[in-house]
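Novice: In this note's numbering, the protein residues as written are 346 to 484. I am attaching a structure below and will ask some questions about it afterwards.
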C-alpha cells in the first residue's frame with residue numbers, strides 16, 4: 346500500500362491560492378481540499394474530546410459554514426471517528442477528517458493538500474504535523 350503524503354497550503358488573501366489549487370488539482374496524484382478553517386477551530390477548541398463529548402465537539406465543528414461545505418456528513422464523521430480513533434487527540438481527529446474527506450473526494454490522490462490561510466497558528470500546526478510539507482503564498 347502506498348502511503349499518502351500531506352501538505353498544507355497557507356496563503357494571504359488575494360495571493361493566487363485559488364489559481365495554484367486549480368493547477369495542482371490537474372495532476373492525477375494531487376488533490377487540494379476546499380478551503381476550510383477546521384484545523385484552526387480544532388486547535389482553538391478548549392475541551393478534551395472523548396466518546397462522551399464527541400457530539401458536543403461535532404456541533405462546534407459544524408458551526409463553521411466552510412466545514413459543512415466539505416461534504417462530510419456528521420453521522421458519517423462520528424462513526425468514522427469512533428471506529429478509527431483510540432485516543433481522541435487533535436492530531437488524530439484532524440488526520441481522520443482529512444482522510445475521510447479525500448477518501449470520498451479523490452481516493453487515488455497520493456498527495457493530499459489541505460488549504461487554509463492561518464499564519465497565526467503556524468507554530469501549533471508545525472508542532473501537530475512535523476512531517477507535513479508547507480506551501481506558503483505571500484502577497
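Note that the Cβ used here is the ideal one computed from N, Cα and C, for glycine as well.
From the DSSP output, read off the bridge partner residues of residue 352.
Specialist: Answer is 458, 478, bridged to residue 352.
Novice: Kindly give me the distance between the Cβ atoms of residue 394 and residue 402, rounded to whole angstroms, as I take these residues to be in contact under 8 Å.
Specialist: Correct: roughly 5 Å between the Cβ atoms.
Novice: Distance, Cα to Cα, residue 399 vs residue 423?
Specialist: Going from the Cα of residue 399 to the Cα of residue 423 covers about 8 Å.
Novice: Looking at the structure shown, is residue 394 part of a helix, part of a strand, or coil, going by DSSP?
Specialist: Coil at residue 394, not helix or strand.
Novice: Report the three-state DSSP secondary structure of residue 362 (helix, strand or coil).
Specialist: If DSSP states are grouped into helix, strand and coil, residue 362 belongs with the helices.
Novice: Could you tell me the boundaries of the alpha helix (DSSP H) in which residue 413 lies?
Specialist: Residue 413 -> alpha helix (DSSP H) spans 410-414.
Novice: On the three-pair Cβ rule with 8 Å, is the region 429-438 touching the region 351-369?
Specialist: Not touching, per the Cβ criterion.
Novice: Output yes or no for whether 8 Å exceeds the beta carbon distance between residue 425 and residue 405.
Specialist: Result no, Cβ atoms of residue 425 and residue 405 do not sit closer than 8 Å.
Novice: Quick one: what does DSSP say residue 378 is sitting in, helix, strand or coil?
Specialist: Three-state DSSP puts residue 378 in coil, outside helix and strand.
Novice: Which value, in whole angstroms, describes the spacing of the CA atoms of residue 419 and residue 407?
Specialist: Rounded to whole angstroms, residue 419 to residue 407 spans 8 Å at the Cα level.
Novice: Output needed for residue 429: all residues of its chain with C-beta closer than 7 Å, excluding positions within five of it in sequence on either side, in chain order.
Specialist: The answer, listed in chain order, is 441.
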